[in-house]
Amino acid sequence: GYLSSRHVIELKITEAVEITEGPSSFSVSPNKAVTLTCRAAGKPPPVLSWVKDNEALPSTTRFPNITIVGTNPSYIFINHVSEEYQGGYTCRSRKLNGDFISKSGVLTVLGAPKMVNSTPTDVISTLGRTVEFGVTPVDSQHVIREIQWYKENSVVYTTSGSSSTKFKFADDNRKLQIFSVTQDDTGLYT
Numbered sequence: 003g004y005l006s007s008r009h010v011i012e013l014k015i016t017e018a019v020e021i022t023e024g025p026s027s028f029s030v031s032p033n034k035a036v037t038l039t040c041r042a043a044g045k046p047p048p049v050l051s052w053v054k055d056n057e058a059l060p061s062t063t064r065f066p067n068i069t070i071v072g073t074n075p076s077y078i079f080i081n082h083v084s085e086e087y088q089g090g091y092t093c094r095s096r097k098l099n100g101d102f103i104s105k106s107g108v109l110t111v112l113g114a115p116k117m118v119n120s121t122p123t124d125v126i127s128t129l130g131r132t133v134e135f136g137v138t139p140v141d142s143q144h145v146i147r148e149i150q151w152y153k154e155n156s157v158v159y160t161t162s163g164s165s166s167t168k169f170k171f172a173d174d175n176r177k178l179q180i181f182s183v184t185q186d187d188t189g190l191y192t
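Using my numbering, read the sequence shown as starting at 3 and increasing by one per residue.
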């Protein structure tokens, strides 16, 4: 006798997962709508998921303005962006070995930064001298596009203003310098 047996072996051809389009970093004003897009290629077709600051989305109780549509491509729609939506957004897909492949971007919500006076004491000077006031942002989450200084509720100098022989910003725009002070410079500066 002759004994024979038959074995069936299935061969699956896969392609490595590659995220071809992922979220990018950008800034947006409060109350605007935002769309984040993610696409991936591979065989079998990859399924995409989203993470915000290491927390899986959707989390409808924490982020009620986020809607996720699709698994590849996948989109995040955020209506009425506010500060709590600021942070890192990651699109990811699981590879065959179980590891994740991902692309990330940071959403920054623009707004007025909180400022604190770094020299809270009054300044007393003699005529003709240079005086300096300073401010420091207390959070680094905002992009500071312009700083304005007021004297008695009137703008005296801005970072986007024209050059002046009387006023100048120093120390990365954190300090206002007033040159050759006169009696007219006396007052409250904010």
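The C-beta atom is built at its ideal place from N, Cα and C for all residues, glycine as well.
Owing to the predicted nature of the structure, the values given are computational and were not obtained by experimental measurement.
Checklist entry - What first and last residue would you give for the beta strand (DSSP E) that runs through residue 23? => result 17–23
Next on the checklist: Excluding the 5 residues flanking residue 207 on each side, which residues of the same chain have their C-beta closer than 7 angstroms to its C-beta?
Outcome noted: It is not possible to answer for residue 207, since the shown part of the chain is limited to 3 through 192.
Checklist entry - Using the rule of at least 16 other Cβ atoms within 10 Å of the residue's Cβ for burial, across every protein chain shown, is residue 88 buried or exposed? => result buried
Checklist entry - Bridge partners of residue 28, per DSSP? => result 109
Item to check | Straight-line Cα distance separating residue 124 from residue 169 | outcome: 18 angstroms
Checklist entry - Among 81, 173, 190, which has the Cα closest to the Cα of residue 153? => result 190
Next on the checklist: Our contact map puts residue 104 next to residue 94 with C-beta atoms below 8 angstroms; I'd like the distance itself, whole angstroms only.
Outcome noted: 4 angstroms
Item to check | Cα-Cα separation, residue 18 to residue 100 | outcome: 12 angstroms
Checklist entry - What number of angstroms, rounded off, separates the C-alpha of residue 57 from the C-alpha of residue 80? => result 16 angstroms
Item to check | Delimiting residues of the beta strand (DSSP E) encompassing residue 79 | outcome: 76–80
Checklist entry - By how many angstroms is the C-alpha of residue 24 removed from the C-alpha of residue 108? => result 11 angstroms
Next on the checklist: Please report the distance separating the alpha-carbon of residue 9 from that of residue 98.
Outcome noted: 25 angstroms
Item to check | Where residue 172 falls, given that 16 or more other Cβ within 10 Å makes a residue buried | outcome: exposed
Checklist entry - Thinking C-beta only, is residue 83 closer than 8 angstroms to residue 30? => result yes
Checklist entry - To which residues does DSSP link residue 39 through a beta bridge? => result 77
Checklist entry - Measuring CB to CB, does residue 22 end up less than 8 angstroms from residue 42? => result yes
Item to check | Neighbourhood of residue 131 by C-beta, 7 angstroms cutoff - its chain only, sequence neighbours within 5 removed | outcome: 183
Item to check | Beta-ladder partner(s) of residue 91, from DSSP | outcome: 54, 107
Checklist entry - Assuming residue 38 contacts residue 11 under a Cβ cut-off of 8 angstroms, what Cβ separation, rounded to an integer in Å, is found between them? => result Incorrect: roughly 42 angstroms between the Cβ atoms, too far for contact.
Checklist entry - According to DSSP, which residues form a beta bridge with residue 153? => result 156, 191
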